[in-house]
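Start counting the sequence shown at 1; every next residue gets the next number (full-length UniProt numbering).
Everything on this sheet refers to the single structure shown next.
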Amino acid sequence: MSAGNARHARPATHDDIPAIWEIDSSATSKFGSIPTLADLADPAESDQKFQEYLGNGRVYVVEEAGQLMGYVAVCSADDAVFIEEIAVHADHQRKGVGEMLLGAVLRDAERAAKSGGRKVARISLTTYADVPWNGPWYKKHGFSEVEAKTIGPWHAEKSTSEEERSLDRAGYRRICMLLEKTLE
């Protein structure tokens with residue numbers, strides 16, 4: 001396999017949007033296996049939202065031999081890099097793609113911390129505490145549950161917005177998580 005075909009993470013382009021849509025649809029379909037969360041299996045993302053993610057310049061994809069396998073969209077919030085969305089196509093789950101996406105986010109967070117003169121890189125997100133491929137997966141990768149307001153006002157507002165949208169469901173609680181890495 002040539003180096004160009006090796007699995008790698010890279011910044012997304014506008015040409016990637018159709019594949020990102022397919023990834024998103026495939027990944028969110030997994031929620032259909034949980035009756036309380038089944039409505040989340042229909043991706044609510046829009047072309048406009050993906051354009052916003054790309055316009056922000058902070059979308060990364062994992063690609064191998066020209067095929068996109070997963071993507072992550074991030075933004076800056078309260079001195080942290082916030083994961084807005086991370087998705088891995090069902091055909092490529094449990095094969096290290098999510099870890100590669102987290103690696104891209106960590107590099108982004110390290111650059112942001114250094115350019116901001118901070119000694120700690122921070123990555124945050126909101127997710128379901130008990131959905132196996134959500135909270136437990138992030139915990140396995142070093143994230144800890146925190147109160148959103150302890151990160152900052154943007155996170156507190158995000159948490160309030162999720163409460164207003166009734167994202168907490170019977171047996172499935174939304175949480176804020178944080179990963180901090182001290183820079184050398």
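All residues carry an ideal CB built from backbone N, CA and C; glycine is no exception.
Small disclaimer: the values here were computed from a predicted structure and weren't measured.
Candidates the options: closest to residue i by CA position
{"i": "Tyr172", "options": "Glu180, Glu163, Leu179 and Leu178", "result": "Glu163"}
{"i": "Gln93", "options": "Trp154, Leu106, Leu40 and Lys30", "result": "Lys30"}
{"i": "Gly55", "options": "Asp91, Ala65 and Asp15", "result": "Asp15"}
{"i": "Asn5", "options": "Glu184, Glu99, Ala148 and Glu64", "result": "Glu64"}
{"i": "Glu147", "options": "Arg174, Leu68 and Ala90", "result": "Arg174"}
{"i": "Asp182", "options": "Lys158, Ser161, Ala113 and Thr126", "result": "A small correction: the amino acid at residue 182 is Thr; Asp does not occupy that position in the sequence shown. Ranking Lys158, Ser161, Ala113 and Thr126 by Cα distance to Thr182 puts Ala113 first."}
{"i": "Pro35", "options": "Val131, Glu184 and Cys176", "result": "Val131"}
{"i": "Trp137", "options": "Tyr60, Leu178 and Val59", "result": "Leu178"}
{"i": "Asp108", "options": "Glu22, Asp24, Glu180 and His155", "result": "Glu180"}
{"i": "Leu37", "options": "Tyr128, Phe143, Cys176 and Lys139", "result": "Tyr128"}
Beta carbon of residue i nearer than 8 Å to that of residue j
{"i": "Leu101", "j": "Ile123", "result": "no"}
{"i": "residue 189", "j": "Asp78", "result": "Outside the shown range of the chain (1 to 184) lies residue 189, about which nothing can therefore be said."}
{"i": "Ala9", "j": "Val74", "result": "no"}
{"i": "Val81", "j": "Val120", "result": "no"}
{"i": "Ile20", "j": "Ala12", "result": "yes"}
{"i": "Ile17", "j": "Phe50", "result": "yes"}
{"i": "Ser159", "j": "Thr126", "result": "yes"}
{"i": "His155", "j": "Lys149", "result": "yes"}
The beta strand (DSSP E) enclosing residue i, as first and last residue numbers
{"i": "Ile83", "result": "Ala80 to Val88"}
{"i": "Ser144", "result": "Ser144 to Val146"}
{"i": "Tyr71", "result": "Gln67 to Ala77"}
{"i": "Tyr128", "result": "Val120 to Tyr128"}
DSSP bridge partner residues for residue i (one or two, in chain order)
{"i": "Pro11", "result": "Tyr60"}
{"i": "Thr28", "result": "Per DSSP, none; premise fails for Thr28."}
{"i": "Arg173", "result": "For Arg173, which the question treats as bridged, DSSP gives no partner whatsoever."}
{"i": "Lys181", "result": "Ala121"}
Where the alpha helix (DSSP H) through residue i begins and ends
{"i": "Leu101", "result": "Val97 to Ser115"}
{"i": "Glu162", "result": "Pro153 to Glu164"}
{"i": "Trp137", "result": "Gly135 to Lys140"}
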